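In this note's numbering, the protein residues as written are 118 to 446. Glycine is no exception: its CB is placed at the ideal position from the N, C-alpha and C atoms. Computed from a predicted model, the values in this text were never measured in an experiment. Heads up: the structure comes next, in structure tokens.
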Amino acid sequence: MTTPARPADAGGERNEAVLSRLQLLVTRKLDGLLQGDYAGLLPGPGSEAGESREYRPGDDVRRMDWPVTARTTTPHVRRTVADRELETWLAVDLSASLDFGTGRWLKRDVVVAATAALTHLTVRGGNRIGAVIGTGAQPPPAPARRWRPAPAPPAGPGVLTRVPARSGRREAQALLRAVAQTPLRPGRGDLGALVDLLNRPPRRRGLAVVISDFLAPPAQWGRPLRKLRVRHDVLAIEVVDPRELELPDVGVLPVVDPETGELHEVQTADPGLRRRYAEAAAAQRGAIAAELRAAGAGHLLLRTDRDWLLDMVRFVAAQRHARTRGTTR
């Protein structure tokens, strides 16, 4: 039995319809969050000098206003005015491990949705946004003709794509379309190399956002993230599925590693196994959170079984509340 043929652009039309509904949802829910001085999703200290005020516990000592402190004999810090034009760069991890989900969405869907929300929050006011996209291993090159040498294989694992930073809604929609239409390839991606693309070439101070499940070893991406934090405000969006935290009691469960294709059968009826799995998962997530704190990055956790947009709204509100209290985090 054969399936009826579909138009070649049916998949593209469906993707466009899904993206249109997603952008409409994001616009309705997030409109109103950008009232007042614009400082991006993760408000930074800015670069333009403003007024001074007395020091409060938690203030950055690098912003101490020493002349005013000397005159008043009371510690003062210099306020800074938020930059009006912000350049935002996204590092979007679309490795094969994102093609998984047991909640309301796949992890890949949450990545695309978070990208749409960030695009909406950044593009207003003439701000520029760009992205680097990382996927799994490069597919083998096609056989070369006899008189032409075969192309050289990529230098490292994974396929890395760069979308230049531009302003305007049309360019932002093109960026979102590029992320949504990037195919997931088998093989392990290199999250460290993806993050390092945001360090090269050096750019003006801005906001750097890394969207991933961070399942790669922290030693692989921790150092590039700390290097990125030296110059930019960094936000890490971690995408998690509930089955990555604990196993249900469903008997023998066949599982497949999406990056390697390895098949394993797990006896989930064993309470000891479920307990060890939960402990190992908690330790893994703890190591990820510790590495992000060490890098000085903001940490937003999105789950496939929760309202990701509500979690983003709460995060934005918390960051703005911290800014009004005079802290940077």
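Beta bridge counterpart(s) of L342 as assigned by DSSP: Your numbering for residue 342 matches position 225 in the sequence shown. Answer by DSSP bridge pairing: none, since L342 is not bridged.
Per-residue DSSP class, three states only, for R173: As a first step, residue 173 is located in the sequence shown; it is residue number 56 there, counting from the start. Looking at R173 - three-state DSSP - the assignment turns out to be coil, as it is neither helix nor strand.
Cβ-Cβ separation, D358 to T421 (assumed contact under 8 Å), whole Å: On the sequence shown, residue 421 is found 304 positions in, with the first residue counted as 1. On the sequence shown, residue 358 is found 241 positions in, with the first residue counted as 1. With 8 Å as the limit, T421 and D358 qualify as a contact, their Cβ atoms being about 5 Å apart.
Check whether L63 and G251 have beta carbons under 8 Å apart: What the structure shows of the chain is the stretch from 118 to 446, and residue 63 is not part of that stretch, so it cannot be assessed.
Exposure of P318, with buried meaning 16 or more beta-carbon neighbours within 10 Å: On the sequence shown, position 201 is the one that residue 318 refers to. If you draw a 10 Å sphere on the C-beta of P318, you find fewer than 16 other C-beta atoms in it, and that means exposed.
Simplified DSSP state of R402, which is helix, strand or coil: As a working mapping, residue 402 is identified with position 285 in the sequence shown. Three-state DSSP puts R402 in a helix.
Residue of R170, W222, A325, A187 minimising C-alpha distance to W425: For the purposes of this step, residue 425 is taken as the residue at position 308 of the sequence shown. For the set R170, W222, A325, A187, the Cα lying nearest the Cα of W425 is the one of W222.
Residue of R320, T385, A434, P192 minimising C-alpha distance to L364: If you number the sequence shown from 1, residue 364 lands on position 247. Cα-wise, what sits closest to L364 is T385.
Neighbourhood of G218 by C-beta distance below 6 Å, restricted to the same chain and skipping five residues each side: The count along the sequence shown starts at 1 and reaches residue 218 at position 101. Excluding positions up to five away in sequence, the list reads K224, D358, T421.
Spatial distance of L293 from T236 (CA atoms): Indexing the sequence shown from 1 puts residue 293 at position 176. Indexing the sequence shown from 1 puts residue 236 at position 119. Spanning the two alpha carbons is a distance of roughly 8 Å.
Burial state of L277 (16 or more Cβ within 10 Å): In the sequence shown, the residue the question calls residue 277 occupies position 160. It counts as buried.
8 Å Cβ cutoff met for G247 and P303: To locate residue 247, count along the sequence shown from 1; it is residue 130. To locate residue 303, count along the sequence shown from 1; it is residue 186. No, the Cβ-Cβ distance between G247 and P303 is not below 8 Å.
Beta bridge counterpart(s) of W456 as assigned by DSSP: This structure does not reach residue 456, given that the chain is present from 118 up to 446, and the question cannot be answered.
Beta-bridge partners of L418, as assigned by DSSP: Here residue 418 is taken as the residue at index 301 of the sequence shown, counted from 1. Answer is E355, bridged to L418.
Length of the line joining the Cα atoms of N316 and E382: As a position in the sequence shown, residue 316 is number 199, starting the count at 1. As a position in the sequence shown, residue 382 is number 265, starting the count at 1. Between N316 and E382, the C-alpha separation is close to 41 Å.
Proximal residues to L370 (C-beta, below 6 Å), its chain only, five neighbours per side dropped: Position 253 of the sequence shown, counted from the start, is the residue given in the question as residue 370. Cβ within range, chain order: V383, T385.
Cβ-Cβ separation, D216 to P375 (assumed contact under 8 Å), whole Å: Counted from its first residue, the sequence shown places residue 375 at position 258. Counted from its first residue, the sequence shown places residue 216 at position 99. The pair is a contact, with the Cβ atoms about 5 Å apart (cut-off 8 Å).
Residues near V227 in its chain [Cβ-Cβ closer than 7 Å; skip 5 each side]: Along the sequence shown, read from residue 1 onward, the residue named residue 227 stands at position 110. Contacts found: V356, L419, T421, W425.
CA-to-CA distance, R179 to A245, given in whole angstroms: One-based indexing of the sequence shown puts residue 245 at position 128. One-based indexing of the sequence shown puts residue 179 at position 62. Before going on, a small fix: residue 245 reads as Arg here, not Ala. Roughly 28 Å separates the two Cα atoms.
Helix, strand or coil at V280 according to DSSP, with G and I counted as helix: Taking the sequence shown and counting its residues from 1, the one referred to as residue 280 is at position 163. V280: strand per DSSP, three-state reduction.
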